[in-house]
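Asks: Before we start, here is the structure in question, set down as C-alpha cells.
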Amino acid sequence: MKILLIFPGLHHSLAKKKRRHKEFQLIGTTLPTLAALTPPDIEVEILNEYNHPVNYETDADIIGITVMTSHASRAYEIADEFKKRGKFVVLGGIHPTVLPEEASKHATTVVIGEAEGIWEELLKDFQNGRVKKFYKAERFPLPHEIPIPKRGALDPKSRGKRLFSPKIEIMQVSRGCPYNCDFCCVTKFFGNTYRFRPVDSIIKEIKSLGKIDYLFFQDDNIVGSKAQAKEFFKKLIPLKLKWAGGTTLGTLQDDELLDLMNKSGCITMFVGIESLTIPFAKNRTYLEDRLEYYYKTIEKLHNFKIMAYASFIFGFDTDDTKVFEKTVRFAQDACCEGAAFHILTPYPGTKLYEKLDKEGRIFVRDWQYYDGEHAVFHPKLMSAKELEEGFEWAIREFYSVKSIAKRIWGSRTRPLFAIPWNLFIYFDRKFNHQ
Ligand code: SF4
C-alpha cells in the first residue's frame, strides 16, 4: 500500500504573479508528522508542489493533501483531478477543519482537527474497506503523543534546486495558544493551552537531523511555557545551533530567558506587534507608552545579540492611510532587522470573519486571495485599493537600500545575517512582484 502526501503550491493565477524563491518554500512539519504516524509497512512519499509537479498517474492508493486557506483553491483543483481518476483523496489541515462540508465536496474523506489518533484509524478503515466521510479528533493529542516527524519521506526532488544551500530544518516543539486573537484560528485549531513536547523528545529529534545550518521553530510562541522553554534552551546550548523562533513581547521581559536564548543559539526572534493603532486587548494603554515598550523590548533583544523580526498587520478598523508610514517609521527607528507586513485577512473560522461577514464587508470569496497580501474586505477608514497600495509601499520602503543601511547600522546585532536576508527581500520585491 502506498500513500502520496501533497503540500499544494499556489493557484496558477497567483503563481505567475508571485514567483517565490523555491528554496525558501519549506513545507513545515505537518506532512512529515503524518508520515511518522503511518504504520511502517505502508509506503509514504511527500511531495512539495512548489518544487515538483504533481504526477496524477501515481500508483499511490491514498492521496493526502494538507490545506491552508490560501492554498485551498489549488488543493481542491488537485483533489478534483485525482478524484476524476478514481483515487481516494483525504483533505486535512486548518481549512478543512473549519469548513469540512466545503472540503468534502472535493475529497473522499476529511480529517477534522489534529491528525494524531485519527489518521491511524482512517488507514485501518481504508484497509478494511469501510471509510467514513469525516474523521474528527475528539481531543487534542497530549504532548508525548506527538511523534518525531519522518522527514525522510520527502521526495528529494521536492527539496528544490539551490544556488547556495544552507541546510535549514523546521521544527515544532509546542502546539496551542490561549490568546484567541480575533483574526487568528490557532486557538480554535490547536486549543487554548500550550502543549510543550517532552524536552528529551525534542532534543532527540534535533540530534537526528544531523548537521544543519539553521533551525526554524514554527511554533506561534516557542516560550508559551516559560519553565519548559528554559529547560529546553539549557539543553540546546551544547548542540551549538543557530535558530530562529517566535514569541510574544511579554515573554521577552525576562532577562534570564533572553540570556538562555542567546546562549542556545537564537539569532532571530519573530515578535507579533501587529498594530500600532488598536489598544492593547487587556489594559488599554496609551499609544506613546506602548511605543516606548516596543522600542525597549526590541533594544533588549539587540542587547542579547538577537535580531528582531517584527510582524505587523494593516487594515484594522482603527487604521487609516497614515498607518503605513507610521508603522514603517517605527520599525526603522527601532532598527528591526526584519519585518513581515500583512493585510488583515478574515480567515474562515475566526471571529473577524464572522464580524465582517455579518457587516457585509467581505467582497472576495476566492480563498487563493486569503494570503495576507490581498484586501478581501472593505476596510473602515480607507479603500481596499489604498490598503493594498499602502501594504506594498510599506514593504518596498522598509526593504529599500537606504532603510536597510539605516536599520542594520543602527542595530549592528548580526550584520552578516541581516544584510543578505534584507537584500534577498529587496531583490525579490524588485524583480518578482510586478
Ligand atoms: S495571533 Fe498569535 S497570539 Fe494571537 S491567537 Fe494567534 S497564535 Fe495566539
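For the sequence shown, the residue numbers in the numbering used here are 888 to 1321.
Every residue gets a Cβ at the ideal spot worked out from N, C-alpha and C, and that includes glycine.
#1: Flag this pair as touching only if the segment 1267-1275 and the segment 1291-1301 have three or more C-beta atom pairs under 8 Å; answer yes or no.
#2: Taking the Cβ atom as the reference point for each residue, do residue 1180 and residue 1224 lie within a distance shorter than 8 Å?
#3: If we count the other Cβ atoms within 10 Å of its Cβ and call it buried at 16 or more, is residue 987 buried or exposed?
#4: Assign residue 909 to one of three DSSP states: helix, strand, or coil.
#5: Please identify the residue among 1185, 1315, 938 and 951 whose C-alpha is closest to the C-alpha of residue 925.
#6: If residue 1199 and residue 1246 are in contact, beta carbons under 8 Å, what's the gap, nearest whole angstrom?
#7: Pick from 1210, 1083, 1236 and 1220: whose alpha carbon is nearest that of residue 1068?
#8: When DSSP labels each residue in this structure, what does residue 935 get in the three-state scheme?
#9: Between residue 1107 and ligand 1, is the CB less than 7 Å from at least one heavy atom?
#10: With distance defined between alpha-carbon atoms, name the residue in 1097, 1149 and 1157 nearest to residue 1117.
#11: Out of 1091, 1032, 1101 and 1020, state which residue places its alpha-carbon closest to the alpha-carbon of residue 1056.
#12: Is residue 1020 closer than 8 Å to residue 996 when the C-beta atoms are compared?
#13: On the DSSP letters alone, give me the boundaries of the beta strand (DSSP E) that residue 894 sits inside.
#14: Could you check whether the Cβ of residue 1153 sits closer than 7 Å to any heavy atom belonging to ligand 1?
#15: Using the rule of at least 16 other Cβ atoms within 10 Å of the residue's Cβ for burial, across every protein chain shown, is residue 999 buried or exposed?
#16: Going by the CB atoms, is the gap between residue 1107 and residue 1073 shorter than 8 Å?
#17: Given residue 1153, which residues of its chain have a CB within under 6 Å of its CB, disregarding the five upstream and five downstream residues?
#18: List in chain order: all unbroken alpha helix (DSSP H) runs of 4+ residues lying wholly within the segment 1191-1268.
#19: The beta strand (DSSP E) spanning residue 1103 covers which residue range?
#20: Distance check for residue 1188 and residue 1145, CA to CA, integer angstroms please.
#21: Can you confirm whether the segment 971-985 touches the segment 937-949 when touching is taken to mean that 3 or more C-beta pairs between the two stretches lie within less than 8 Å?
#22: So, with DSSP's three-state summary, where would you put residue 944?
#23: Report all residues from its chain with a CB closer than 6 Å to the CB of residue 970; omit the five preceding and five following residues, and keep chain order.
#24: Give me, in chain order, the residues of the same chain whose beta-carbon lies closer than 7 Å to that of residue 1294; leave out the 5 immediate sequence neighbours on both sides.
#25: So the beta strand (DSSP E) residue 1066 belongs to, where does it begin and stop?
#26: Considering only heavy atoms of ligand 1, does any lie closer than 7 Å to the CB of residue 1060?
#27: Indicate whether residue 993 and residue 1009 have their beta-carbon atoms separated by less than 8 Å.
Replies: The answer reads as follows:
#1: Cβ pair count under 8 Å is below three, so no.
#2: By the CB criterion at 8 Å, residue 1180 and residue 1224 fall outside the cutoff.
#3: By the neighbour-count rule (16 or more Cβ atoms within 10 Å), residue 987 is buried.
#4: With a pLDDT of only 49 at residue 909, under 50, the local geometry of the prediction cannot be trusted, and no value is derived from it.
#5: Considering only 1185, 1315, 938 and 951, the residue with the shortest C-alpha distance to residue 925 is 951.
#6: Under the criterion of beta carbons closer than 8 Å, residue 1199 and residue 1246 do not qualify as touching, at roughly 24 Å.
#7: Cα-wise, what sits closest to residue 1068 is 1236.
#8: DSSP, reduced to helix, strand and coil, places residue 935 within a strand of the structure shown.
#9: Remark: the C-beta of residue 1107 is in contact range of ligand 1, defined as less than 7 Å to any heavy atom.
#10: Out of 1097, 1149 and 1157, 1149 has the C-alpha closest to the C-alpha of residue 1117.
#11: Ranked by Cα distance from residue 1056, the first of 1091, 1032, 1101 and 1020 is 1101.
#12: Yes.
#13: If you look at residue 894, you'll find it in the beta strand (DSSP E) that goes 889-894.
#14: No, Cβ of residue 1153 sits at least 7 Å from all heavy atoms of ligand 1.
#15: Residue 999 should be labelled buried.
#16: Pairing residue 1073 with residue 1107 gives a Cβ-Cβ distance under 8 Å.
#17: The answer, listed in chain order, is 1130 and 1193.
#18: Listed in chain order, they are 1210-1220 and 1238-1245.
#19: Boundaries of the beta strand (DSSP E) around residue 1103: 1101-1104.
#20: C-alpha separation (whole angstroms): 7 Å.
#21: Taking 8 Å as the limit for Cβ pairs, the verdict is that the segment 971-985 does touch the segment 937-949.
#22: If DSSP states are grouped into helix, strand and coil, residue 944 belongs with coil.
#23: Taken in chain order, the residues that qualify are 976.
#24: Cβ neighbours of residue 1294 within its own chain (closer than 7 Å, five residues either side excluded): 1219, 1222, 1223 and 1224.
#25: Here residue 1066 belongs to no beta strand (DSSP E), and DSSP marks it neither H nor E.
#26: No, the Cβ of residue 1060 stays beyond 7 Å of every heavy atom of ligand 1.
#27: Not in contact: residue 993 and residue 1009 (Cβ atoms no closer than 8 Å).
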